[in-house]
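Same order as they appear, the protein sequences are chains A and B.
For the first sequence, the numbering used here gives the first residue as 1, with consecutive numbering after it.
For the second sequence, the numbering used here gives the first residue as 1001, with consecutive numbering after it.
This report refers to the structure that appears directly beneath it.
There are 2 protein chains.
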Amino acid sequence: MTRKRKTQTPPAESGRFSYDGLDRVIHEKARLGILASLAARGDGLLFNDLKNLCSLTDGNLSRHLGVLSEAGIVEVWKGQQGSRPQTMYRLTVSGRQRFTDYVNVLESVVADAQVKMQSEAGPRTSPPGWAPA
Amino acid sequence: MTRKRKTQTPPAESGRFSYDGLDRVIHEKARLGILASLAARGDGLLFNDLKNLCSLTDGNLSRHLGVLSEAGIVEVWKGQQGSRPQTMYRLTVSGRQRFTDYVNVLESVVADAQVKMQSEAGPRTSPPGWAPA
DNA sequence: GCAATTACTTTACATTGTAAAGTGAGTTCG
DNA sequence: CGAACTCACTTTACAATGTAAAGTAATTGC
């Protein structure tokens, strides 16, 4: 009388290529650029610097910075440059650590991917008994 | 009478950290795992192999493979193993190239990020004239 | 003083990743 | 024989999210 389970087969424990360490908040094209910029300049960058460095529109950059600051990865400082308001963005200590951890996983992705170079040779046969979908 | 432009300031030409080469189709946690797996095994992998290697659910894996095959990055072969149907997935030639290109950009991201190691020292002062947001 | 610029923020929308449910062929058990 | 179950996926539904356009508030130029 045991009811049949309706939920789909759950994923395995932790696959060789699951890359659990790829933090979703960091693993985003635009955010990667922002973080790389901020990592290079430890003393912070202004909104417009980031905008130019990362080739983002104002709105786009603003939202991404919001995500990063809410995640505690960047900190925000308001100030004045001349008579115009300026906002400065800087990596937090833990943000720097999280980014470092992320980059370490990236390195392993690159390493994994470069194994392929060795298996690249081969005549590329159609596998016998298999038909194209 | 020139109308004021309503569209937001467009992004710059190509910023130092814009990472244009990060192909959206490839730059996705799950898909990265799938491609790394397939790159390692040039002769292809079965659905279940990928499922386990990448720790994905069936539905999830299916959709991602759909995206990758529609993009021409992986090719799909139907066959039989014993009496059960099996599908084999393999990188296409151009897919392998695209993945290689992507990984090269990843390497530059890692390199950019590791510049920070040098600027890591410092007493972390609050910048004078700036107030926390 | 009024239009335009600067420095962002907010809103609206379309894309998309994910889990749950569905499908259809094959196998097993009574 | 056929109902129940498994296997190998596919389809669907939904919530999350990245992006462009529009909005805002202060400041500057004419």
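Note that the Cβ used here is the ideal one computed from N, Cα and C, for glycine as well.
Keep in mind that this is a model prediction, so the values were computed, not measured.
Query raised in the report: Does DSSP put B:E1013 in a helix, a strand or coil?
Result: As a first step, residue 1013 of chain B is located in the second sequence; it is residue number 13 there, counting from the start. Residue state, collapsed to three classes: coil.
Query raised in the report: Which chain A residues sit within Cβ distance under 8 Å of B:D1112?
Result: Indexing the second sequence from 1 puts residue 1112 of chain B at position 112. Per Cβ cutoff of 8 Å: A36, A39, A40.
Query raised in the report: Cβ of A:P127 less than 8 Å from any chain B Cβ?
Result: For this step, residue 127 of chain A is matched to residue 127 along the first sequence. Answer yes: the Cβ-Cβ gap between A:P127 and chain B drops below 8 Å somewhere.
Query raised in the report: Of all the CB atoms in chain A, is at least one closer than 8 Å to the CB of B:R1031?
Result: For the purposes of this step, residue 1031 of chain B is taken as residue 31 along the second sequence, with counting starting at 1. Chain A places no beta carbon closer than 8 Å to that of B:R1031, leaving this residue out of the contacts.
**Report entry** Beta-carbon contacts of A:S14 that lie in its chain and below 8 Å, excluding the five residues immediately before and after
**Finding:** To locate residue 14 of chain A, count along the first sequence from 1; it is residue 14. Taken in chain order, the residues that qualify are D20.
Query raised in the report: Fully enclosed by the stretch 83-112 of chain A, which beta strand (DSSP E) runs are 3 residues long or longer?
Result: 84-91
Report task. Go ahead and label B:T1125 buried or exposed: buried means 16 or more other beta carbons lie within 10 angstroms of its beta carbon, across all protein chains shown. Result -> In the second sequence, residue 1125 of chain B corresponds to position 125, counting from 1. Its Cβ having fewer than 16 others within 10 Å, B:T1125 is exposed.
Query raised in the report: Between B:P1127 and A:W77, is the Cβ-Cβ spacing less than 8 Å?
Result: The sequence position of residue 1127 of chain B within the second sequence is 127, counting from 1. The sequence position of residue 77 of chain A within the first sequence is 77, counting from 1. Taking 8 Å as the Cβ cut-off, B:P1127 and A:W77 qualify as a contacting pair.
Query - Span of the beta strand (DSSP E), counted from its first residue to its last, around B:V1115 - result: Position 115 of the second sequence, counted from the first residue, corresponds to residue 1115 of chain B. Looking at the DSSP string, B:V1115 is not in any beta strand (DSSP E), and its letter there is neither H nor E.
Requested in this report: Determine the direct distance from the alpha carbon of A:V105 to that of A:Y89, and round the result to whole angstroms.
Outcome: The residue you call residue 89 of chain A lines up with position 89 of the first sequence. The residue you call residue 105 of chain A lines up with position 105 of the first sequence. Cα to Cα, the separation comes out at about 25 Å.
Query raised in the report: Under 8 Å between C-beta atoms, does B:R1016 make it to chain A?
Result: As a position in the second sequence, residue 1016 of chain B is number 16, starting the count at 1. At least one chain A Cβ lies under 8 Å of B:R1016.
Requested in this report: Please confirm if B:H1064 has its CB atom under 8 Å from at least one CB of chain A.
Outcome: Here residue 1064 of chain B is taken as the residue at index 64 of the second sequence, counted from 1. No, B:H1064 does not count as interfacial toward chain A.
Query raised in the report: Run through DSSP, which three-state label would A:L22 get?
Result: Here the question's residue 22 of chain A lines up with position 22 in the first sequence. Coil, per DSSP.
Query raised in the report: Counting only runs that start and end within the stretch 29-87 of chain A, where is the beta strand (DSSP E) found for 3 or more residues in a row?
Result: 74-81
Requested in this report: Provide the residue(s) that pair with B:P1132 in DSSP beta bridges, ordered along the chain.
Outcome: Translated into positions along the second sequence, residue 1132 of chain B becomes position 132. Paired residue(s): A:W77.
Query - Expected contact under 8 Å - CB spacing of B:I1034 and B:H1064 to nearest Å - result: For the purposes of this step, residue 1034 of chain B is taken as residue 34 along the second sequence, with counting starting at 1. For the purposes of this step, residue 1064 of chain B is taken as residue 64 along the second sequence, with counting starting at 1. Going by Cβ atoms, the distance from B:I1034 to B:H1064 rounds to 6 Å, so yes, they are a contact pair.
Requested in this report: Please name the residue in B:Q1080, B:G1044, B:R1016 whose C-alpha comes closest to that of A:L38.
Outcome: In the first sequence, residue 38 of chain A corresponds to position 38, counting from 1. Out of B:Q1080, B:G1044, B:R1016, B:R1016 has the C-alpha closest to the C-alpha of A:L38.
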